[in-house]
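Novice: Residue numbers (my numbering): 151 to 369.
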């Protein structure tokens, strides 16, 4: 699904208290791995032919606020609830500091325009897994292969730089373009959670997808 945001209908934690406590013990894993990757990679960020992934900056906040309040865009991946600027600023500042999350801006190689964002969240160093989320926010950037390339770049980063074993995601059952993108990147449909999301007044299925490190298609 798309990048989690407060009051957007995605990313709310229902985990037991014990699990949250165990997760806090893993705090710092993602940040430490990213620092190590940056050091050994000479500061290079994931880059393809169409897009590159780079850290979000304060200048990116307004675009992301606009995207999260785009009803049609949000309904492709989650329930829609308007987000005010104060809540968004709080989320935007905190998500970049979380040590179990890696979040990138998706930028066009030609010109550097921010067109979306993607993240690995819930990074677990014990099980070596994380959840992938992505959103292409700019309407004119959709259907151009940006999402597919961004997913592949993020998977490369997950398996190579974070040394993960598994990456997983959920996607609305009716979002066939997104499912097609994930399948083309090597994800496997692992199951369906029936009527697990309430979107725009109706219950819809969530498709569970995952990919293992050794299942990455040749690039």
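We treat Cβ as the ideally placed atom computed from N, Cα and C, and that holds for glycine.
Does DSSP classify residue 120 as helix, strand or coil?
Specialist: It is not possible to answer for residue 120, since the shown part of the chain is limited to 151 through 369.
Novice: Using three-state DSSP, classify residue 301 as helix, strand or coil.
Specialist: Assignment of residue 301 by DSSP, reduced to helix, strand and coil, places it in the helix class.
Novice: Roughly how many whole angstroms lie between the Cα atoms of residue 250 and residue 348?
Specialist: Roughly 27 angstroms between the two C-alpha positions.
Novice: When the Cα of residue 275 is compared with those of 284, 313 and 289, which residue comes out closest?
Specialist: 313
Novice: In this structure, does DSSP put residue 288 in helix, strand or coil?
Specialist: coil
Novice: Three-state secondary structure (DSSP) at residue 353?
Specialist: strand
Novice: If I follow the unbroken beta strand (DSSP E) through residue 219, where does it start and stop?
Specialist: First-last for residue 219: undefined, no H or E at that position.
Novice: Cβ atoms of residue 272 and residue 285: under 7 angstroms apart, would you say?
Specialist: no
Novice: Please say whether residue 204 and residue 195 have beta carbons closer to each other than 7 angstroms?
Specialist: yes
Novice: Could you name the residues of the same chain whose beta carbon sits closer than 6 angstroms to that of residue 341, not counting the 5 residues immediately before and after it, in chain order?
Specialist: Contacts found: 358.
Novice: Is the beta carbon of residue 315 closer than 7 angstroms to that of residue 366?
Specialist: no
Novice: Determine, using beta carbons only, whether residue 200 and residue 295 come nearer to each other than 7 angstroms.
Specialist: yes
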